[in-house]
Amino acid sequence: MTREPRNEEHPPPALARELARLGREDFAPGFERRVLARLATRPPADWTATLATLFPRVAWAAVAAIVALALWNIGSGEGGTLERLLRLTPLTVEASIDHWAGL
Amino acid sequence: MAKANRPTRSDTSLVTTEPSAPQQPDPVEGGLIAASLAGDDQAFARLVARHRGKVAATVIGMLGPGPEADDVGQEVFLQLHRSLAGFRAEASLGTWLTRIAINRSLDELRRRQRRFGRWLRLGSDSSGEDWAELQVDGEAEMERRDRQARVRAAVQRLKPDWRAVVVLRWLQGYSTLQTAELLGIPKGTVLSRLSRALDKLRGELGELQEEEGSP
Numbered sequence: 060m061t062r063e064p065r066n067e068e069h070p071p072p073a074l075a076r077e078l079a080r081l082g083r084e085d086f087a088p089g090f091e092r093r094v095l096a097r098l099a100t101r102p103p104a105d106w107t108a109t110l111a112t113l114f115p116r117v118a119w120a121a122v123a124a125i126v127a128l129a130l131w132n133i134g135s136g137e138g139g140t141l142e143r144l145l146r147l148t149p150l151t152v153e154a155s156i157d158h159w160a161g162l
Numbered sequence: 244m245a246k247a248n249r250p251t252r253s254d255t256s257l258v259t260t261e262p263s264a265p266q267q268p269d270p271v272e273g274g275l276i277a278a279s280l281a282g283d284d285q286a287f288a289r290l291v292a293r294h295r296g297k298v299a300a301t302v303i304g305m306l307g308p309g310p311e312a313d314d315v316g317q318e319v320f321l322q323l324h325r326s327l328a329g330f331r332a333e334a335s336l337g338t339w340l341t342r343i344a345i346n347r348s349l350d351e352l353r354r355r356q357r358r359f360g361r362w363l364r365l366g367s368d369s370s371g372e373d374w375a376e377l378q379v380d381g382e383a384e385m386e387r388r389d390r391q392a393r394v395r396a397a398v399q400r401l402k403p404d405w406r407a408v409v410v411l412r413w414l415q416g417y418s419t420l421q422t423a424e425l426l427g428i429p430k431g432t433v434l435s436r437l438s439r440a441l442d443k444l445r446g447e448l449g450e451l452q453e454e455e456g457s458p
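Chains A and B, in that order, are what the protein sequence lines are. Note that our numbering has the first sequence beginning at 60, numbered continuously upward. Note that our numbering has the second sequence beginning at 244, numbered continuously upward.
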């Protein structure tokens with residue numbers, strides 16, 4: 060049993076009784092059924108949780124990929140991979156394909 | 244005043260504070276947790292039934308009766324379902340649920356305050372009486388219901404932080420130390436909040452200071 064501090068104030072008996080009565084209030088009947096129904100319709104919440112879990116990993120993977128490409132690009136000098144990717148606008152797609160194909 | 248089945252310790256594997264006292268594992272509860280983890284919904288429903296009273300007392304004490312309290316109560320048990328795999332059998336499930344219930348209720352009160360401002364709190368004295376659809380039989384019963392509604396409204400008007408200690412200490416019957424552990428605050432803070440809350444309740448419910456022999 061936890062020891063109570065000496066200077067704790069207590070409500071008068073009538074108020075204490077009413078407060079204790081409030082502590083016996085319950086949910087409306089069928090509460091368990093409502094909980095189970097929400098469990099059955101939980102996928103959206105799961106998706107949110109999954110996305111929230113995955114997001115940092117995806118973000119870090121994207122950052123790592125960009126850094127890797129940048130390093131590769133630096134190592135490749137002019138015309139490196141990142142530079143080529145950044146040039147992939149509709150106007151340069153054909154030229155890029157020709158370049159990659161060695162034409 | 245305290246409920247007969249109140250928890251005697253406040254720690255679980257899912258919370259941060261250390262237990263106040265050891266507790267014997269409940270084999271029935273352990274079996275229900277295992278069955279729930281295996282996908283047995285009826286076992287989980289029995290777990291809900293075992294602990295709904297504690298969660299209801301906390302959530303309704305904090306938010307008042309009504310659909311919002313019901314909704315928060317459901318979320319507490321959904322969180323339990325998600326956390327079952329990490330739950331230690333020797334821990335007190337009831338106390339863990341109470342902690343989740345009080346935290347979710349405080350979150351809901353903050354949301355309400357952000358959304359609607361102070362006027363909502365001032366205007367919510369009915370505390371769900373309409374929703375409860377009370378059936379009143381006789382004058383004495385009417386008086387009892389009226390007294391209970393006034394006490395509930397007075398509790399609802401307390402600041403959320405004060406209300407939390409009142410709900411845990413005087414509605415649920417936790418000790419001051421357990422209340423402090425559940426809320427993650429010093430025992431002295433619990434005592435000072437109880438004292439201020441009591442002053443306010445006395446001011447609003449003066450007639451209950453002398454009244455005796457109520458049903």
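Quick reminder that beta carbons are idealized off the backbone N, C-alpha and C, glycines included.
Within 10 angstroms of its Cβ, does residue i collect 16 or more other Cβ (buried), or is it exposed?
i: threonine 341 (chain B); result: buried
i: alanine 127 (chain A); result: exposed
i: arginine 460 (chain B); result: There is simply no residue 460 (chain B) to check, as chain B begins at 244 and stops at 458 in what is shown.
i: tryptophan 119 (chain A); result: exposed
i: proline 265 (chain B); result: Residue confidence for proline 265 (chain B) is low, a pLDDT of 46 falling below 50, so the modelled location carries little weight and cannot support an answer.
i: asparagine 66 (chain A); result: exposed
i: arginine 116 (chain A); result: exposed
i: leucine 110 (chain A); result: exposed
i: glutamine 356 (chain B); result: exposed
i: glutamate 386 (chain B); result: exposed
i: glutamate 91 (chain A); result: buried
i: isoleucine 125 (chain A); result: exposed
i: tryptophan 405 (chain B); result: buried
i: valine 271 (chain B); result: exposed
For residue i, verify whether its CB is less than 7 Å away from any heavy atom of the ligand FMN.
i: arginine 406 (chain B); result: Only the bare structure without any ligand can be found here, which leaves the ligand FMN out of the picture.
Taking the alpha carbon of residue i as the reference point, which residue from the options has its own alpha carbon closest?
i: alanine 326 (chain B); options: B:Glu447, B:Phe287, B:Ala423 and B:Val409; result: At residue 326 (chain B) the sequence reads serine, which differs from the alanine that was named. Ranking the options by Cα distance to serine 326 (chain B), first place goes to B:Phe287.
i: threonine 87 (chain A); options: B:Glu272, B:Pro310, B:Leu425 and B:Leu275; result: It should be pointed out that residue 87 (chain A) corresponds to alanine in this sequence rather than to threonine. The option with the nearest alpha carbon to alanine 87 (chain A) is B:Pro310.
i: glycine 459 (chain B); options: A:Ala73, A:Val117 and A:His69; result: The shown model of chain B, from 244 to 458, leaves out residue 459 (chain B), and the question about it has no answer.
i: leucine 336 (chain B); options: B:Arg358, B:Arg293 and B:Gly304; result: B:Arg293
i: leucine 81 (chain A); options: B:Leu411, B:Ile428 and B:Leu290; result: B:Leu411
i: proline 403 (chain B); options: B:Gly274, B:Ser418, B:Arg445 and B:Arg439; result: B:Arg439
i: glutamine 399 (chain B); options: B:Trp339, B:Ile276, B:Arg347 and B:Lys443; result: B:Lys443
i: phenylalanine 330 (chain B); options: B:Ile276, B:Leu352 and B:Arg347; result: B:Ile276
i: leucine 425 (chain B); options: B:Trp405, B:Trp339, B:Gly274 and B:Pro308; result: B:Trp339
i: glycine 273 (chain B); options: B:Ala328, B:Gln421, B:Arg393 and B:Asp350; result: B:Ala328
i: leucine 323 (chain B); options: A:Arg83, A:Arg76 and A:Arg97; result: A:Arg97
i: proline 308 (chain B); options: B:Asn346, B:Ala281, B:Leu420 and B:Ala392; result: B:Ala392
i: alanine 79 (chain A); options: B:Gln421, B:Arg445 and B:Tyr417; result: B:Tyr417
i: threonine 301 (chain B); options: B:Ala383, B:Glu384, B:Leu451 and B:Glu351; result: B:Glu351
Which whole-angstrom value is the C-beta distance of residue i and residue j, which I expect to be below 8 Å?
i: valine 94 (chain A); j: glutamine 317 (chain B); result: 5 Å
i: valine 319 (chain B); j: alanine 344 (chain B); result: 5 Å
i: glutamate 68 (chain A); j: leucine 414 (chain B); result: Actually they are not in contact, since the Cβ atoms of glutamate 68 (chain A) and leucine 414 (chain B) sit about 16 Å apart, beyond 8 Å.
i: alanine 423 (chain B); j: valine 433 (chain B); result: 5 Å
i: alanine 312 (chain B); j: leucine 306 (chain B); result: 4 Å
i: valine 394 (chain B); j: serine 348 (chain B); result: Rounded, the Cβ-Cβ distance is 18 Å, inconsistent with contact.
i: glutamate 447 (chain B); j: alanine 397 (chain B); result: 4 Å
i: isoleucine 303 (chain B); j: glutamate 84 (chain A); result: 5 Å
i: leucine 401 (chain B); j: glutamate 77 (chain A); result: No, leucine 401 (chain B) and glutamate 77 (chain A) are not in contact; Cβ-Cβ is about 14 Å, not under 8 Å.
For chain D, is any of its Cβ atoms less than 8 Å away from the one on residue i?
i: leucine 349 (chain B); result: The chain labelled as chain D is not found among the protein chains of the depicted structure, namely A and B.
What residues in the region 299–314 of chain B have a beta carbon less than 7 Å from any beta carbon of chain A? Ala299, Ala300, Ile303, Gly304, Pro308 and Asp313
If contact means a Cβ-Cβ distance below 8 Å, which residues of the region 404–431 of chain B contact chain A? Val409, Val410, Trp413, Leu414, Gln415, Gly416, Ser418, Thr419, Leu420, Gln421 and Lys430
Taking only beta carbons into account, state which residues of the region 381–396 of chain B come closer than 7 Å to chain A, listed in chain order. Arg390, Gln391, Val394 and Arg395
Residues within the region 314–327 of chain B neighbouring chain A, beta-carbon criterion of under 7 Å: Gly316, Gln317, Phe320, Leu321 and His324
Give me the subset of the region 62–85 of chain A whose CB atoms are less than 9 Å from a CB atom of chain B, sorted by chain position. Arg62, Glu63, Pro64, Asn66, Glu67, Glu68, His69, Pro70, Pro71, Pro72, Ala73, Leu74, Ala75, Arg76, Glu77, Leu78, Ala79, Arg80, Leu81, Gly82, Arg83, Glu84 and Asp85
The region 107–130 of chain A: which residues have C-beta closer than 7 Å to a C-beta of chain B, in chain order? none
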